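2 protein chains.
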Amino acid sequence: MMKSKIEAKLQSLVTVCRSQGLALTVQRRVILENLAGRTDHPTADQIYSAIKDRLPGVSRTTVYRVLEAFVDLGIIQRISNPGATARFDAETGRHHHLVCLRCQKVHDLNSPSLNSIPLPSRDEAAFDITDYSITFTGTCLDCQAGVSS
Amino acid sequence: MMKSKIEAKLQSLVTVCRSQGLALTVQRRVILENLAGRTDHPTADQIYSAIKDRLPGVSRTTVYRVLEAFVDLGIIQRISNPGATARFDAETGRHHHLVCLRCQKVHDLNSPSLNSIPLPSRDEAAFDITDYSITFTGTCLDCQAGVSS
DNA sequence: CTCCGTGCAAAAGGTTTGCACTGGT
DNA sequence: ACCAGTGCAAACCTTTTGCACGGAG
Numbered sequence: 082m083m084k085s086k087i088e089a090k091l092q093s094l095v096t097v098c099r100s101q102g103l104a105l106t107v108q109r110r111v112i113l114e115n116l117a118g119r120t121d122h123p124t125a126d127q128i129y130s131a132i133k134d135r136l137p138g139v140s141r142t143t144v145y146r147v148l149e150a151f152v153d154l155g156i157i158q159r160i161s162n163p164g165a166t167a168r169f170d171a172e173t174g175r176h177h178h179l180v181c182l183r184c185q186k187v188h189d190l191n192s193p194s195l196n197s198i199p200l201p202s203r204d205e206a207a208f209d210i211t212d213y214s215i216t217f218t219g220t221c222l223d224c225q226a227g228v229s230s
Numbered sequence: 082m083m084k085s086k087i088e089a090k091l092q093s094l095v096t097v098c099r100s101q102g103l104a105l106t107v108q109r110r111v112i113l114e115n116l117a118g119r120t121d122h123p124t125a126d127q128i129y130s131a132i133k134d135r136l137p138g139v140s141r142t143t144v145y146r147v148l149e150a151f152v153d154l155g156i157i158q159r160i161s162n163p164g165a166t167a168r169f170d171a172e173t174g175r176h177h178h179l180v181c182l183r184c185q186k187v188h189d190l191n192s193p194s195l196n197s198i199p200l201p202s203r204d205e206a207a208f209d210i211t212d213y214s215i216t217f218t219g220t221c222l223d224c225q226a227g228v229s230s
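Heads up: the protein sequence lines correspond to chains A and B, in order. When the letters of the first sequence are read in order and numbered with our numbering, they come out as residues 82 to 230. When the letters of the second sequence are read in order and numbered with our numbering, they come out as residues 82 to 230.
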């Protein structure tokens, strides 16, 4: 029953690959299976470590490439902001961010109503929450106007 | 009037430095002034590029070190998840994340009430929002239990 | 005067790229 | 058989670290 989630993922991989004419390689299957089967949010390298036993000779490069392909296909998600380089903000109060998926710019959003959403309880989250920030993703008006390639 | 925000930041820098016995160097002032004066969320390198005219001979290293110091002092904020390495998630539906500031692990949080917060309007945000994700920061129960160094 | 902070250079990740080969369709 | 996908090695980019000098407190 927990397994069906993994299988659903693998199924969508099959479907997407078929429709896009992409190769359904062992590497892709194993990588997706591994990622779908864990609840932490591994880095590429952690996935590499986890699968290299089952897939001897697999290379780190492949893991990176496969993960990137999956993200493009919408099968998996990359968390952290795009570009993965640290960004800094002089605004230290609680505020939120609008990340443009096209140009990757980050805009601030101050909205009082968003600054007091009900926090999950310590018990519900199994976590001691001290703060939060909402990241909205979408397209900024500039990018909508100048529709480039 | 817009300038007072920058000055307030510089003022807090002065205060903090005094109270902590830290040096109030030109580099620190210029870097903070630059960051406080822009609304994008620059990377360390973007700040470096911006200030190297006004501060010839400044090194990238210093920018990194100063920014890190500011983050520690609570004067500025680092956005993107800690560690800055990309993490992947097979869960593509809307869900939220609990990031432990101590061990940097990322946990999922599914909470129906958080999945339907009122989105800012397109006009309010000047942005076409397609999705969002809330990142809660704090300490996970494991880290609270095993209080390590 | 004493250290903290800086600059340089080099190291240390993490990620990407070029090229030849292998394997899926 | 063809072309996408893979593996390897090297390149690349961002960030960190060691060490000696210079300026702030």
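Beta carbons are placed, not taken as given, at the ideal position from N, Cα and C, and that holds for glycine. In this text the structure is predicted, and so the values were computed from the model without any measurement.
Alpha-carbon to alpha-carbon, residue j and residue i
i, j, result
"B/L91", "B/T106", "12 Å"
"A/G118", "A/I87", "6 Å"
"B/G155", "B/R109", "14 Å"
"B/D189", "A/A207", "11 Å"
"B/A104", "B/F151", "13 Å"
"A/Y213", "B/T218", "6 Å"
"A/D170", "A/S85", "42 Å"
"B/H122", "B/A226", "35 Å"
"B/Q185", "B/T211", "27 Å"
"B/L94", "A/T143", "46 Å"
"B/I203", "A/N115", "What sits at residue 203 of chain B in the sequence shown is Arg, not Ile. About 38 Å."
"A/A89", "B/E172", "11 Å"
"A/T220", "B/R168", "22 Å"
"B/D223", "A/D209", "10 Å"
"A/S130", "A/V180", "31 Å"
"A/Q101", "A/D153", "12 Å"
"B/R135", "B/L148", "17 Å"
"B/I157", "A/G174", "10 Å"
"A/R146", "A/I112", "11 Å"
"B/K133", "B/V139", "6 Å"
"B/T120", "A/V187", "9 Å"
"B/P199", "B/P137", "48 Å"
"A/E205", "B/N191", "10 Å"
"A/N196", "A/R99", "45 Å"
"A/H178", "B/H177", "15 Å"
"A/Q127", "A/R159", "14 Å"
Bridge partners - residue i, DSSP secondary structure assignment
i, result
"B/I160", "A/R168"
"A/C221", "B/F208"
"B/D189", "B/H178"
"B/I215", "A/I215"
"A/T124", "B/R168"
Chain A within 8 Å of residue i, Cβ atoms only
i, result
"B/G219", "yes"
"B/V187", "yes"
"B/P199", "yes"
"B/Q158", "yes"
"B/S229", "Reliability of the predicted coordinates at B/S229 is poor, the pLDDT of 49 falling under 50, and no value is obtained from them."
"B/L91", "no"
"B/Q225", "yes"
"B/T120", "yes"
"B/T106", "no"
"B/S161", "yes"
"B/L136", "no"
"B/S194", "yes"
"B/L103", "no"
Burial state of residue i (16 or more Cβ within 10 Å)
i, result
"B/P193", "exposed"
"A/L182", "exposed"
"B/S161", "buried"
"B/R141", "exposed"
"A/T96", "exposed"
"B/A125", "buried"
"B/P201", "buried"
"B/T166", "exposed"
"A/T216", "buried"
Residue i at chain B interface by Cβ criterion, 8 Å
i, result
"A/T143", "no"
"A/I132", "no"
"A/E88", "no"
"A/L150", "Looking at the sequence itself, residue 150 of chain A is Ala, so the reference to Leu does not match. No, its Cβ sits nowhere closer than 8 Å to a Cβ of chain B."
"A/R146", "no"
"A/R168", "yes"
"A/D153", "no"
"A/T235", "Shown here, chain A extends from 82 to 230; a query on residue 235 of chain A therefore has no answer."
"A/T96", "no"
"A/S214", "yes"
Check: residue i C-beta below 7 Å from any heavy atom of the ligand FMN
i, result
"A/S130", "The model on display carries no ligand, and the ligand FMN is accordingly not part of it."
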